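There are 2 protein chains.
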Amino acid sequence: MNRKPNLKDVAELAGVSAITVSRVLTHPDKVAAKSRQKVEQAIAELGYIRNHAASALASNRSGVLAVIIPSLSNIVFNEVLQGIYSAVKPHQLQVILGDCHYSPLEEEKLIATLLSQAPEGLILTGTDQTDYARKLLQNAGIPVVQLMELTNNPIDINIGFSHFAAGKAMTEHLLARGYRRIGFLGARMDPRTQHRLAGFRKAIEDWNTANNAKNSGAEPSSARCEPYVVTTSQSSSIKLGGQLLQSVMAESAGQCDAVFCCNDDLALGALFAARQMNLRIPADLAIAGFNDLEASALVDPGITSVASPRFAMGQQAVELILQKASGAQTEFSPLDVGFSIMVRGST
Amino acid sequence: MNRKPNLKDVAELAGVSAITVSRVLTHPDKVAAKSRQKVEQAIAELGYIRNHAASALASNRSGVLAVIIPSLSNIVFNEVLQGIYSAVKPHQLQVILGDCHYSPLEEEKLIATLLSQAPEGLILTGTDQTDYARKLLQNAGIPVVQLMELTNNPIDINIGFSHFAAGKAMTEHLLARGYRRIGFLGARMDPRTQHRLAGFRKAIEDWNTANNAKNSGAEPSSARCEPYVVTTSQSSSIKLGGQLLQSVMAESAGQCDAVFCCNDDLALGALFAARQMNLRIPADLAIAGFNDLEASALVDPGITSVASPRFAMGQQAVELILQKASGAQTEFSPLDVGFSIMVRGST
DNA sequence: TTGAAAGCGCTACCAA
DNA sequence: TTGGTAGCGCTTTCAA
């Protein structure tokens, strides 16, 4: 026989019926030890591998979890993925992964494609899906997680933290440290980056308001905090961080005394460039980042950054999907996993 | 109607037969424009999504490409993945990805699992599969790529470069620069790392032999090159690079004048640690790495490193799989993509 | 604990 | 260009 063996072949060899073989594969404990042994031996002998498509069709369970991330090159999503894989492991689930390159339209297409696999659940990054994508997902009848970021209008399950609050908190940290001419370096400007920028602006606005109130009458100009915002749609890289630092220095006529980088890649690039410009850090220039990458803690000085539980978010996403899929009627209000500011020498 | 619409529903609504709808989905050009339009409208109206399992079962084509990498956290494999995804895009293929954590046994299990999806092809990292895994793959009757590394006994298609040659070439570079007390810092010690180490040893052995021949009679000890090898099975990280540098300095009683790190993470860590030890680079200590990460070019001094075409390897793997799957009888001898040494300030 | 029959939703094959 | 028929390999349901 040359074709691949199927259930029936195994059954014949083992001297049982096909369904018994099927049971050995899915509920081994519901089969008598004797039969099970015979079946297992037949499987080994034939090198039988169960046909997933047939199994999925008959059982209406695909055993597939779909995941869409915005970028394969950004290590941040790798950590989320690791969490997802670690949580998936004990359950018989395969992950199919899509990369939407930060594009909601690509994401929409991917969703349509991935849904045809009838996944048990779907994990998305961010909360900015197209209307059509939302509709597709609502009709799909499977648990959906929007990860990394919070929204008050989730499709289904929502796990993340407020990038606005994080951006605001980091800016407040810089203000508290006495920096008053603060630059914001932003690349790619995806929604989460924009929220960080909004938080940055709000913190400065609040500070200026509060400060004006105190010093009313006095010359306000010297007491104001001056924001310098430099952004680009280019995708983020270490190198770009150095370039953006030069831009902000040019724009501020060298007055900028701190930069808040929308991620740690930019921050590292800014740090390297600042060294070459002979700026002392943090005396001449403070540098803050976002994501708390390993390198940020190890460069000298260490870069102050925003940490968030990425691995745990990935795990939670899987767990909540499985809970929901198994019919638990728990209410999943948006789940805020929080963030923390890792203060280091750069600020 | 509450259940999900199927082909038949679409067919009825469009006033055609089921098979015509199927054709619209797979070979739209083989259907009259008029019918096609009706069908497409019906699909949109019902929000129909084709059942992949049924399609795969009936057609015996899964539309799935299986990929196994040793680590999700190592950015090196991300670049390979990006190549794979970019090549897969124009073809209707979904990627299912497994992470075997550098373990051949986990890899074997993953192979068995992934094969049940009847993938059109399978991409593996490295050439160190278990015997059972090899047997599974040989019986699977699908194109298999072993990527990243060369072997003279490939399972099927083999694309990569010689890590031995690269390790040797880098060491020769250090020797040519005049370094004589060279350390090798190795972490995780997967097969490719071991080949790099073997290349390191060979280069030094060759050099000592050649040198002995020239200076026969003279005091050989001062003319010998001294290798210091420090390895650990811990997984690689920037931080670990600093620790290993300290070990090699301790072991060599501070005599070590160059370190070849098995990857750039270690090299970065070594660089940061060397700075804190007030070592001038490359005067007091040369540092060489492997993989040519972005940061290696941007730190000061830049880290000399081995570059390889990772993105292109991923692409090629997909392309050769598709070629082979479509019956092209090309002979695929191991494909050496080569490497290059990026010389920078650190050496 | 085991088995027989039916059918999941789609596509290959052939015929019109 | 279109359609009818059959069947992919498995699991569900029900009965023994």
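If you read the protein sequences in the order shown, they are chains A and B.
The numbering of the first sequence is the working numbering, which starts it at 4 and goes up by one.
The numbering of the second sequence is the working numbering, which starts it at 4 and goes up by one.
We put the CB at the ideal spot given by N, CA and C, even for glycine.
On a predicted model such as this, the values are computed, not experimentally measured, just so you know.
Neighbourhood of residue i by C-beta, 7 Å cutoff - its chain only, sequence neighbours within 5 removed
i      : result
A:P223 : Bear in mind that a pLDDT of 48 at A:P223, under 50, signals an unreliable position, so the number given afterwards is only what the model happens to contain. Result list for A:P223: N215, in chain order.
A:S65  : A59, Q120, A121, P122 and E123
B:M4   : Its pLDDT being 48, under 50, B:M4 is placed unreliably in this model, and the value from its coordinates should be taken loosely. Excluding sequence neighbours, B:M4 sits near nothing in its chain.
A:L178 : A206, W210 and C228
B:V42  : V13, A17, V19, T23, V24 and V27
A:V98  : L68, V70, I87, Y88 and V91
Nearest residue (CA-CA) to residue i, options the options
i      : options                           : result
A:L100 : B:H104, B:K92 and B:L188          : B:K92
A:I185 : A:E109, A:V233 and A:D260         : A:D260
B:Y51  : A:I78, A:I71, A:L140 and A:A256   : A:L140
A:V233 : A:L269, A:Q120, A:S349 and A:L113 : A:L269
B:R6   : A:A47, A:Y105, A:A143 and A:A14   : A:A143
A:D287 : A:F80, A:R183, A:E208 and A:A298  : A:R183
A:A311 : A:Q279, A:S336, A:E208 and A:E152 : Inspection of the sequence shows that residue 311 of chain A is occupied by Ser rather than by Ala. Residue A:E152 is the option with its Cα nearest to A:S311.
B:I306 : B:V67, B:Q95 and B:G292           : B:G292
A:S238 : A:E208, A:G257, A:M280 and A:H104 : A:H104
A:K138 : B:Q40, B:A47 and B:A277           : B:A47
B:I180 : B:L10, B:D303, B:D134 and B:G348  : The identity of residue 180 of chain B in the sequence shown is Arg, whereas the question assumes Ile. Measuring from the Cα of B:R180, the nearest candidate turns out to be B:G348.
B:L338 : B:L96, B:L118, B:N281 and B:T154  : B:T154
B:G202 : B:H176, B:R191 and B:K217         : B:H176
A:F345 : A:L108, A:L125, A:E297 and A:I324 : Before going on, a small fix: residue 345 of chain A reads as Met here, not Phe. Comparing Cα-Cα distances from A:M345 to each of A:L108, A:L125, A:E297 and A:I324, the minimum goes to A:E297.
A:A350 : A:A253, A:T174 and A:S236         : Before going on, a small fix: residue 350 of chain A reads as Thr here, not Ala. Among A:A253, A:T174 and A:S236, the Cα nearest to that of A:T350 is on A:T174.
B:I158 : B:I145, B:L301, B:A168 and B:F167 : B:I145
B:L274 : B:E208, B:Q249, B:Q319 and B:A35  : B:Q249
A:I162 : A:A328, A:K327 and A:L323         : A:L323
B:L301 : A:L108, A:A57 and A:A276          : A:A276
Cutoff 6 Å; reference residue i; Cβ partners in own chain excluding five residues on either side
i      : result
A:N54  : none
A:I241 : D268, L271 and G272
A:G317 : V83, G86 and I87
B:L188 : V233, L247, V262, C264 and L269
B:T235 : A190
B:F342 : F164, A169, V309 and S311
A:V147 : L125, L140, I158 and D159
B:K11  : A21
B:P8   : L49 and Y51
Buried or exposed (CB count within 10 angstroms, at least 16 for buried), residue i
i      : result
A:Q246 : buried
B:N63  : exposed
B:K37  : exposed
B:I22  : exposed
B:A213 : exposed
A:Q44  : exposed
A:T333 : exposed
A:T29  : exposed
B:A331 : exposed
B:L200 : buried
B:D295 : buried
A:P31  : exposed
A:H94  : exposed
B:R39  : buried
B:D102 : buried
A:R283 : exposed
B:V251 : buried
A:L96  : buried
Identity of the residues DSSP links to residue i by a beta bridge
i      : result
B:E48  : Note: B:E48 sits in no beta bridge, so no partner.
A:L150 : A:T128 and A:I162
A:Y135 : None, per the DSSP bridge assignment.
A:P230 : A:I185
B:G101 : B:I71
A:S308 : A:M345
B:F263 : B:F187 and B:A291
A:L338 : A:I162
A:T235 : A:A190
Cβ-based neighbour list, residue i, same chain, cut-off 8 Å, excluding 5 preceding and 5 following
i      : result
B:G129 : P73, Q149, L150, M151, E152, D193, P194 and R195
B:F314 : E82, V83, Q85, G86 and S89
B:D303 : G348
B:E111 : Q132, T133, Y135, A136 and L139
Quiz prompt | Residues, ordered as in the chain, of the region 76-107 of chain B that lie near chain A by beta-carbon distance below 7 Å | solution = S76, I78, N81, L84, Q85, Y88, Q97, V98, I99, L100 and D102
Exercise. Select from the region 299-315 of chain B all residues with a C-beta closer than 9 Å to any C-beta belonging to chain A, and list them in chain order.
Key: A300, L301, V302 and D303
Quiz item: According to a CB-to-CB cut-off of less than 9 Å, which residues of the region 262-290 of chain A neighbour chain B?
Solution: Residues of the region 262-290 of chain A with a C-beta less than 9 Å from any C-beta of chain B: D268, L271, G272, F275, A276, R278 and Q279, listed in chain order.
Quiz prompt | Residues of the region 44-58 of chain A with Cβ closer than 9 Å to any Cβ of chain B, in chain order | solution = G50, I52, R53, N54, H55, A56, A57 and S58
Practice problem: Give, in chain order, every residue of the region 115-128 of chain B whose Cβ lies closer than 9 Å to some Cβ of chain A. | Solution: A115, T116, L117, L118, S119, Q120 and A121
Practice problem: Mind checking the region 234-262 of chain B against chain A and listing, in chain order, the residues whose C-beta falls within less than 8 Å of any C-beta there? | Solution: S240, I241, K242 and G245
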